[in-house]
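Order-wise, the sequence lines are chains A and B. Each residue of the first sequence is one higher than the last, beginning at 926 in this note's numbering. Each residue of the second sequence is one higher than the last, beginning at 993 in this note's numbering. Cβ atoms here follow ideal geometry from the backbone N, Cα and C, with glycine treated the same way. This one's a predicted model, so the numbers in the text were calculated from it and none came from an experiment. See structure below.
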Amino acid sequence: MSLYVDRPSVIHRLDPLTKLCYIAAAVTVPFICPVKSVALLVAAVTYILLAAGRVVTKVLPLLGFVAPVLLSIFIIQGMFMPDNHALVFRIGPLYFYKEGLSYAALLSLRVIGILGAFSLLVLTTKPSDLIQALMEKGLPPEIGYVLNAVLQIIPQMANALQRITDAQRARGLETDGRLLDRIKAFFPLIGPVVMNAFVETKDRAMALEVRAFNSKTKRTFLHVRKKHPADVALRIMCLAAIILAVVWRLVG
Amino acid sequence: MIVERKSHSTFDNKKDSHKEKGLETMKTSMWSFKLSTASLVLIPAAVGINYIGKMIAGFLKLPLWLDAIGTVLAAMIGGPVVGALSGAINNIIYGLTLDPISFAYAFTSLFLGLAVGAMAYKGWIENAGKALIVGLVAVLVASVVSTPINIIFWGGQTGNVWGDSLYAALIAHHFPVWLSSFLDEWVVDVPDKIITVFIGYLIFRGLPKTFLQQFDRQNHTDVL
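Structure follows, in structure tokens:
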């Protein structure tokens, strides 16, 4: 389970840490320079990179997810923002003002840009590669294990839930109908999944400990990651963008 | 064994008083980062339970998220550090696999696990009445931590229809944005977090003693 899309692209071959640096820049710059033009520029660069990674169509469902919230921001800020003075248009009894709509536009551009920047990482990086890259940089191997284990355990538990749901319904459990019935059905469904999961943790802990999980020796990695020459240059560019934004803010 | 041993300054003296004694009686501070393997493997299970809770709530069409039951449970079983780690890792994994926006709310989950874990450790889940107080604290912590995130990202909204209607009504009457936003988040969190903590409490009460013994900080006999 992941949002990763396997495509042959330069973005896919970049080091996950470089993409993390890009996120750092794409998140901080629009906040350091809180104007629409900067937010638009950052969002534009991000979506060009997504296009270069050939994953731009995969961002659309994620954008669709935030679209209703963004729409409600335009409505609420456009109508009710305290600074509202200049009327732009009205629909019947609803009055929309320039200041609120402009603020909503800034917020939306930022959200779209930030969502794009995270998508750039998530859509073009295997979670396990990201975790390994972080472990090479000093993330404790135990935490690395936990992150990888979560990715395995969730599909397993979803399967277990399916089995338990079928079993409980076969015994006559009401899963639709009145709200009270549905609330009551929650416990017979979650209870067995939780118990199964906890029983397994004991086995897992023992299995790990007999395999020297607590060993303090330096860990080595099964796969050696190739370093792309562009990585260093890109990281410096991200840092430069942040510094430039700070200078812009201090001078401007 | 793992991450370097750190201790919250307020609890240092408590730890020191036990330092000289043998392994059996050594009591580790509840803020210790020195997690046993049993506590570590609890974290993936907690994240899985969060996911399952959310799935069941969706399947039963309940008007709640119920997506933090695992975090709350891990905090009750393993203490504040395990709770906080479960919360943060939950949102990081969600961000990587389902919805990148969830990264932003990692802090909310982290502090939720921390608060519930600390209260559980101090004996606040002995009975249903006390567990309700833990639920109220969880609501407060979740709203306080989420509000700045909501203001930064969404201008103060939560994306929930009921909460946002309240928000619109409040700012229309010139209430400050931070207060409107806090109340927006608060009305959404009240039912969800209280019920989440209460479900966590009910499951916790049903867990076998032999299972909970693994996490008892005073019992180091099964640490290899």
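Contacts between arginine 1096 of chain A and chain B, judged by CB atoms closer than 7 Å, are missing: the closest CB pair is about 16 Å apart.
One alpha carbon belongs to alanine 1161 of chain B, the other to phenylalanine 1167 of chain B, and they sit about 9 Å apart. Here glutamate 1118 of chain B is exposed, its C-beta having fewer than 16 other C-beta atoms within 10 Å. Contact annotation, valine 954 of chain A with valine 963 of chain A: C-beta distance approximately 7 Å; criterion of less than 8 Å satisfied.
Between valine 1137 of chain B and phenylalanine 1103 of chain B, the CB-CB gap stays under 8 Å. Your pair leucine 1124 of chain B and arginine 1107 of chain A does not check out as a contact, with CB atoms roughly 22 Å apart and the cut at 8 Å.
Under the three-state reduction of DSSP output, leucine 1098 of chain A falls in the coil class, being neither helix nor strand.
For proline 1154 of chain A and arginine 938 of chain A, the gap between their C-alpha atoms comes out near 11 Å. Look at the region 998-1013 of chain A: the residues with a C-beta under 9 Å from a C-beta of chain B are Ile998, Ile1000, Ile1001, Gln1002, Met1004, Phe1005, Met1006, Pro1007.
Leucine 1012 of chain A is a Cβ neighbour of tyrosine 1020 of chain A, given a cutoff of 8 Å.
Residue burial annotation: glutamate 1067 of chain A is buried, with at least 16 other C-beta atoms found within 10 angstroms of its C-beta.
For threonine 1063 of chain B, no CB of chain A lies under 8 Å from its own CB, so it is not counted at the interface with that chain. By the neighbour-count criterion, in which a residue is buried when 16 or more other Cβ atoms sit within 10 angstroms of its Cβ, isoleucine 1089 of chain A is buried. If one requires a minimum length of 4 residues, the alpha helix (DSSP H) runs lying completely within the region 1065-1110 of chain A are 1066-1095, in chain order.
Proximity to methionine 1022 of chain B across B:Leu1106, B:Phe1099, B:Gly1045, B:Leu1054 peaks at B:Leu1106, based on C-alpha coordinates. Interface criterion not met: the Cβ of tryptophan 1057 of chain B is under 8 Å from no Cβ in chain A. For the region 1035-1056 of chain B, the set of residues with a beta-carbon nearer than 9 Å to any beta-carbon of chain A comprises Ile1035, Pro1036, Ala1037, Ala1038, Val1039, Gly1040, Ile1041, Tyr1043, Ile1044, Gly1045, Met1047, Ile1048, Ala1049, Phe1051, Leu1052, Lys1053, Leu1054, Pro1055, in chain order.
Assignment of isoleucine 1117 of chain B by DSSP, reduced to helix, strand and coil, places it in the coil class. A distance of 8 Å or more separates the beta carbons of alanine 968 of chain A and glutamine 1002 of chain A. Of the other Cβ atoms in all chains shown, 16 or more fall within 10 Å of the Cβ of glycine 1079 of chain B; this residue is therefore buried.
Neighbours of tryptophan 1154 of chain B in chain A, taken as residues whose beta carbon is under 9 Å from its own, are absent, since the nearest beta carbon is some 12 Å off. Looking only at A:Leu1086, A:Met926, A:Cys1163, the smallest Cα-Cα distance to valine 952 of chain A is reached by A:Cys1163. Nearest in C-alpha terms to lysine 944 of chain A, of all of A:Glu1125, A:Lys1151, A:Phe1043, A:Met1004, is A:Phe1043. Neighbours of tyrosine 1159 of chain B in chain A, taken as residues whose beta carbon is under 8 Å from its own, are Ile1001 in chain order. Look at the beta carbons and you see the region 1071-1091 of chain A touching the region 1084-1097 of chain B: at least three pairs across the two are nearer than 8 Å. Taking the beta carbon of tryptophan 1170 of chain B as reference, no residue of chain A falls within 9 Å; the closest one sits roughly 12 Å away. Under DSSP, phenylalanine 1203 of chain B forms no beta bridge with any residue. Counted as a single uninterrupted DSSP element, the stretch harbouring phenylalanine 1021 of chain A is not any alpha helix (DSSP H) but the beta strand (DSSP E) occupying residues 1019-1022. When the Cα atoms are used, leucine 1114 of chain A and isoleucine 1048 of chain B turn out to be separated by approximately 8 Å.
When the alpha-carbon of glutamine 1087 of chain A is set against those of B:Ser1094, B:Gly1045, B:Pro1140, B:Lys1026, the nearest one is in B:Gly1045. Under the DSSP definition of a beta bridge, leucine 1128 of chain B lacks any partner.
The C-beta of alanine 1130 of chain A comes closer than 8 Å to at least one C-beta of chain B.
Cβ contact annotation for tyrosine 1159 of chain B (same chain, cutoff 8 Å, sequence separation greater than five): Gly1148, Gln1149, Thr1150, Ser1172, Ser1173, Leu1175, Asp1176, in chain order.
In chain order, Tyr972, Leu975 place their CB closer than 8 Å to the CB of valine 981 of chain A, counting only its own chain and leaving out the 5 sequence neighbours on each side. Taken atom to atom, the span from the alpha-carbon of valine 1182 of chain B to that of arginine 1144 of chain A is near 45 Å. DSSP places leucine 1058 of chain B in the coil class of the three-state scheme, outside both helix and strand.
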